[in-house]
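These notes concern the structure reproduced below.
Chains as they are written, first to last, in my numbering: chain A, 27 to 475; chain B, -4 to 1077.
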């Protein structure tokens, strides 16, 4: 009985389709809408641009990257048998509906779903709509039937995804308490100059992880015991920040270390005051930088559209879980930044080369994320994958070349010491923590057959 | 003939009035066109390298104005500072016609960048000299401060070098006064730092002298000035962003003191003159808080009480569009860091009106007074412009570019522009164009009796402008004060005062040879009951200097009782019945009339309360635990966790002497002091440790189980507990050999008050339990109830959801000999609950209580009109915060789960220009409701000007629970034959919340003592600490402030009580987070 009705329905669909095809054959020939990896890059780049405008902190940005990629991936994997769905592999995800309309162009749907999911996550929807609608115009004029079917399907998947996304505790964490500043505890993080912003995302460890089993799965070892006695490990590391940055500063703006620090700054909101002027220089986040590297690698390796989605999805999962792991430690140890301690105890006028970002010190976010992203990328593209990193050119920074993702990650990590915003332990332990997350993501996710 | 003239002149006057009506639309001032007046000066700015807002922080500060009669022809002349171009001097030719004599006078100046100007007779030759400040030593700015000595023939000679006043630093103003009372004029030089503020250094860096930016005190050693700053105790640190200085004898000791306004996070400085050539800085001791981005200031006695008050300007916008797109106050954690870790004082970004009094501690009232928000403000000039006997206020304002525009700060998304801004030296036109301009109309307020000001928006037919320096003087000698305002890129304004035909008194002084103009003289004008006081310190107004002629408005009085002149040498001269409506010149009469004045006011010696700290061996201290409600409830405006501690006085140990119970905050121990004949013994009991987690908010001492021993009934609450937290439950403490605690109720609510009474007359103690709200669900209204005592066991009689209860009294308000209940609280009206056959019913409206919601905090019965029946005195929030409410425009609070995340929020709206707007800005709202608001508003501009309906959406407005407040005034319900009418107190009782009251009997008779203040608000409201206590004897006799002998200033008094010790009455005042005070009641 069920089968019968299904067959009847199929017949109806078939008839309509034949009729429709007949009609469309009569009109000027309708070609397939072809979307390429470049379209995918543009969609991701658009989200990056909007994120810069809207000002999302690094952890939140990682969330905005990952879900649209997963939506695209699930559509793609349903069609492309070389890939496995993430259902059962990431927490709570259920199978997306299969397309019922044979006019659905799955690659087109994957791209549309990416934009639709992105739209729910960013603030300036109008900016994404503008971008989307101009593409829609092109696609509709090319093959309206295929476009509409693909769009309808993409929207269905997007709303399916939304139900899952909404359960990740993001909205609950919005209303959780702010970080409690208590300057009477000497080791405790406190807001830093010049904007003295609140500690951001103190509850990010409550966000649902995707691959790792808990925020604390790769809890790093403790940082050197807080102590301001000369000769203590902690004090040595504090002095290391002070001395290294002073030496670099003495070398001048052209020193390689300053170039490295600035290249990997990746601070979405640097507050600048000049005289009475205040403004923010806004850049991409550490996650966005690695998403940019993913694009560079995908291009260099000539990945197909489907392979591109795979690469972005896997890398962004690595980044997403890395932030949860890192933030779990940050608000566990709540460690004070070098800038605060140096101003208090060593040099009232000292300023770091980079602006200290508004959250606790240990472990270094960029180190963890770079560790994880580079490990995942190595698993996709192989080790010793040389690339020229032009991600920061838009922000007036040069191109840097790397022999491998791991080398790039190591440089990103050490850049935080040069920038004067992290102690060495946060860099070393952070890189290790990130690589552990990356290995786990690589080994536990069976995405490619 | 005489008659005829009179007749005709009458007609003429009438005609003139008609003409005036037509021409001026009855505006207070008429702007005189430059083409008519000849005052064709404009401070024109041209951006160049080094001279632009990026390279020089104070590029838009404009130039000063000075008014003074430089040729002694009886007509006041005008000097303008041009920042980049030549300074100008205009000779007054009469009838508001001026002649530009700048070139021949040789005062045009040689510095690159000029700022302020002062006129003073520095060499004592009877002619006003001119001192012009300059910024030198940065950005290629050259020159030096210039001293133009008046040659007496309309020409000047620059002699700064000879006088030792040719400073090459970052000056903005100089003020001349005789600080050491040696008869000549000394100088305070105000300098400003010019570096960008990035991090807060410790506040004590102000002690490190910096020659370029530090202020200086110069002693006149006979036409040669010596820098005595360091020895005199004047700060000259690298972070002194001095924007104005005023001189006044603030503490009425005969020595001139100083108030310095500092921009940014540096505190203002308040220097009291020690009388020995040194000063003591005492800002923290005398001010609860000050303006943050302090700009111009002015000092004058505003409320005619004989004490000089201070206005200090800031940049809080009035306009809703600007307000919501501009950066505002710090958040509460940053405030804490800045005050506690870095050592700065409490500063808020708004104008401040600091009202001085007998204790020389200032109560800040700008919000109450209606002058807190005048946007980007430079000059404040207090004077009686309408001659009605009350001081008025003119404020100049405007900024060519608003650097604190939030969209500009956050969304100049063009990275090229921000890159250019951060790397290039020359200001990019494109980047500047993106920044909104702040072209504004100047403000004018007219004062009334007391401390309120009424804005007069249509006071002149003038354009929006960038107005900076300003000065006043009677330029046409018609008996009212005219104003001159220096504008950027626009002709200066001459505001011709149209007040004519009112009564005035103008006084010019002739003192001794080195100070002929009598700088520092204080003149008191006696007018019936009124005493109007003026001090002659002409340097006032931002970078400016006003006419050294004192001006008094006389209102309807055409005669003056007398004038008292207190000369700088403290000799006094009295002139009986001087002629009004003339220009008096009063000369010092020298030794002949010398009589040392007793004018110097002291605090009253007739104190009602005398501090007695030795009653206990160690002081009782209340410690509030460190908890920031706003971290958890980001939309709260005031804390819920700081209502304690409870105070109860009674005989616990049955020895006939009253004991003291003091509750505690979370994790602190309650305290019990037993009174013996020899003093108090503190009870040490481990139970206090066991129950320390409780927050004890309200307590009563009564015998609840009829065993002949009194118990302590404790109401627990506090904002830190929620859900079924045991510590919320109320308890009974019994003292036998040891203390025992038993549970009173099992309601898990935040109890605010417990009140005992035997309402059913059955011989035992019944209890009213009033609950406030739920800490994780502010806006939720729990049940309040009565626990009916029946032989030691309680049964509950619910009173329903009364509101966010804070206080209650058992009282027989209907005179039927049965106790009724009046309950007060926040966002509710006083509830009159009548007892009818042992049940209670809300009959408020039958007793005249309608639309009387307040943020009520306490209630007491008191026969305030001495008519033999009980009236009810009510403590409210007061009118000195950003909250605004009136019966016609109640403050609203919407309560709902706006973003459907199973957590409720409350959003407050107040009315402004006939529309309701959210009180919070976008950042605060999206702190709690991030996606809800950030998706809806992509920029601050989109959000600014949105009404509460637009912000929340119609559906939410309709479905949310709505709370209202109709009045924030404290006052009393007067009993008119059984019906009650609310009578608000005068403004001096509205300066802060009133938290507690107690009846006292003193030598003044029966009275009700009121105490209050509150600091648990977000920095947007500031700090409500200026209430010094008040003793009400009757509705017409209320003694306020320091005269009582109470030390309540800037302290939060949460409980008052009276205890008998050695048969004398003592007052106990519980200071929240401070030391409990004891006073003997005289």
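Quick reminder that beta carbons are idealized off the backbone N, C-alpha and C, glycines included.
Since the model is a prediction, treat every value here as computed from it, not as a measurement.
Neighbouring residues, chain A, relative to residue i (Cβ below 7 Å)
{"i": "residue 929 of chain B", "result": "149"}
{"i": "residue 308 of chain B", "result": "None at all; the shortest Cβ gap to chain A is about 16 Å."}
{"i": "residue 404 of chain B", "result": "304, 305 and 306"}
{"i": "residue 925 of chain B", "result": "200"}
Continuous beta strand (DSSP E) stretch holding residue i: start and end
{"i": "residue 1103 of chain B", "result": "Residue 1103 of chain B lies beyond the stretch modelled for chain B, which goes from -4 to 1077, so this question has no answer here."}
{"i": "residue 214 of chain B", "result": "211 to 215"}
{"i": "residue 746 of chain B", "result": "746 to 752"}
{"i": "residue 676 of chain B", "result": "674 to 677"}
{"i": "residue 691 of chain B", "result": "691 to 697"}
{"i": "residue 1081 of chain B", "result": "What is shown of chain B runs -4 to 1077, which leaves residue 1081 of chain B out entirely."}
Host alpha helix (DSSP H) of residue i (start-end)
{"i": "residue 167 of chain A", "result": "151 to 168"}
{"i": "residue 328 of chain B", "result": "327 to 331"}
{"i": "residue 373 of chain B", "result": "From DSSP, residue 373 of chain B is part of no alpha helix (DSSP H) but of the beta strand (DSSP E) over 372 to 378."}
{"i": "residue 923 of chain B", "result": "917 to 923"}
{"i": "residue 460 of chain A", "result": "450 to 470"}
{"i": "residue 141 of chain A", "result": "132 to 147"}
Listed by chain order, chain B residues near residue i by CB distance under 8 Å
{"i": "residue 219 of chain A", "result": "193, 194 and 195"}
{"i": "residue 71 of chain A", "result": "Near residue 71 of chain A there are no residues of chain B at all, since even the closest Cβ is about 15 Å away, more than 8 Å."}
{"i": "residue 224 of chain A", "result": "326 and 328"}
{"i": "residue 360 of chain A", "result": "Near residue 360 of chain A there are no residues of chain B at all, since even the closest Cβ is about 14 Å away, more than 8 Å."}
Chain B residues whose Cβ lies nearer than 7 Å to that of residue i
{"i": "residue 374 of chain A", "result": "196"}
{"i": "residue 216 of chain A", "result": "332"}
Any non-hydrogen atom of the ligand FMN within 8 Å of residue i CB
{"i": "residue 360 of chain A", "result": "As far as ligands go, the structure on display features none, and thus does not contain the ligand FMN."}
Partners in chain B for residue i, counting only beta-carbon separations shorter than 9 Å
{"i": "residue 105 of chain A", "result": "Near residue 105 of chain A there are no residues of chain B at all, since even the closest Cβ is about 32 Å away, more than 9 Å."}
Legend entry - Length-filtered (4 minimum) alpha helix (DSSP H) runs lying within the stretch 256 to 308 of chain A: Every alpha helix (DSSP H) stretch that sits fully inside the stretch 256 to 308 of chain A and reaches 4 residues is listed by chain position as 259 to 277 and 282 to 289.
Inset, instruction - At 4 residues or longer, and completely inside the stretch 934 to 1019 of chain B: list those alpha helix (DSSP H) runs for me, N to C. - result: 935 to 938, 943 to 947 and 949 to 954, all fully within the stretch 934 to 1019 of chain B.
Legend entry - Residues in the stretch 175 to 198 of chain A having any Cβ partner in chain B nearer than 7 Å: Listed by position along the chain: 197 and 198.
Inset, instruction - Just list the alpha helix (DSSP H) runs in the stretch 216 to 283 of chain B, keeping only unbroken ones of 4 residues or longer that don't cross its boundaries, in chain order. - result: As summarised for the stretch 216 to 283 of chain B, the continuous alpha helix (DSSP H) elements at least 4 residues long and confined to that stretch are 224 to 227 and 278 to 281, given in chain order.
Legend entry - Positions along the stretch 200 to 212 of chain A whose CB lies within less than 9 Å of some CB in chain B: Taking 9 Å as the cut-off between beta carbons, the residues of the stretch 200 to 212 of chain A near chain B are 200, 201, 202, 203, 204, 205, 206, 207, 208, 209 and 210, in sequence order.
Inset, instruction - Counting only runs of 3+ residues fully inside the stretch 481 to 525 of chain B, write out the beta strand (DSSP E) ranges in chain order. - result: Runs found: 488 to 492, 498 to 505 and 517 to 522.
Inset, instruction - Jot down the residue ranges of each uninterrupted alpha helix (DSSP H) in the stretch 169 to 234 of chain A, minimum 4 residues, whole runs only, in chain order. - result: Entirely contained in the stretch 169 to 234 of chain A, the alpha helix (DSSP H) runs reaching 4 residues are, in chain order, 170 to 191 and 196 to 200.
Legend entry - Proximal residues, the stretch 78 to 98 of chain A versus chain B, C-beta separation under 8 Å: Listed in sequence order: 78, 79, 80 and 81.
Inset, instruction - Taking 8 Å as the threshold, find out whether the stretch 732 to 741 of chain B comes into contact with the stretch 654 to 663 of chain B through three or more Cβ pairs. - result: Touching, no.
Legend entry - Residues from the stretch 283 to 301 of chain A in contact with chain B, defined by Cβ distance under 7 Å: Within the stretch 283 to 301 of chain A, those residues whose Cβ lies closer than 7 Å to any Cβ of chain B are, in chain order, 298, 299, 300 and 301.
Inset, instruction - Could you tell me whether the stretch 911 to 926 of chain B touches the stretch 948 to 966 of chain B, using the rule of 3 or more Cβ pairs below 8 Å? - result: The stretch 911 to 926 of chain B, when compared against the stretch 948 to 966 of chain B, does not touch it at the 8 Å Cβ threshold.
Inset, instruction - Could you tell me whether the stretch 467 to 479 of chain B touches the stretch 57 to 65 of chain B, using the rule of 3 or more Cβ pairs below 8 Å? - result: In short, these stretches touch, since the Cβ pair count reaches three.
Legend entry - Cβ pair count under 8 Å reaching 3, the stretch 332 to 342 of chain A against the stretch 59 to 75 of chain A: With the cut-off at 8 Å, the stretch 332 to 342 of chain A and the stretch 59 to 75 of chain A touch.
Legend entry - Minimum length 4: unbroken alpha helix (DSSP H) runs contained in the stretch 165 to 194 of chain B: Complete alpha helix (DSSP H) runs here, min 4: none at all.
Inset, instruction - Tell me, please, whether the stretch 138 to 158 of chain B touches the stretch 197 to 210 of chain B by the rule of three or more beta-carbon pairs shorter than 8 Å. - result: Contact fails: fewer than three Cβ-Cβ distances are below 8 Å.
Legend entry - Against chain A: residues of the stretch 28 to 59 of chain B by CB proximity under 8 Å: Under the 8 Å Cβ criterion, the stretch 28 to 59 of chain B contributes 48, 49, 50, 51, 52, 53, 54 and 55.
Legend entry - Cβ contact (3+ pairs, closer than 8 Å) linking the stretch 353 to 363 of chain A and the stretch 224 to 239 of chain A: Segment contact: the stretch 353 to 363 of chain A against the stretch 224 to 239 of chain A, three or more CB-CB distances shorter than 8 Å; contact assigned.
Inset, instruction - For the stretch 313 to 362 of chain A, list the alpha helix (DSSP H) runs that are entirely contained and at least 4 residues long, ordered along the chain. - result: Those alpha helix (DSSP H) runs which fall completely within the stretch 313 to 362 of chain A and span 4+ residues are 331 to 359.
Legend entry - Segment contact, 8 Å Cβ cut-off, at least three pairs: the stretch 48 to 55 of chain B with the stretch 250 to 257 of chain B: Segments in contact, no.
Inset, instruction - Evaluate contact between the stretch 260 to 270 of chain A and the stretch 367 to 381 of chain A, counting only Cβ atoms and requiring at least three cross-stretch pairs below 8 Å. - result: Output reads yes: the stretch 367 to 381 of chain A touches the stretch 260 to 270 of chain A.
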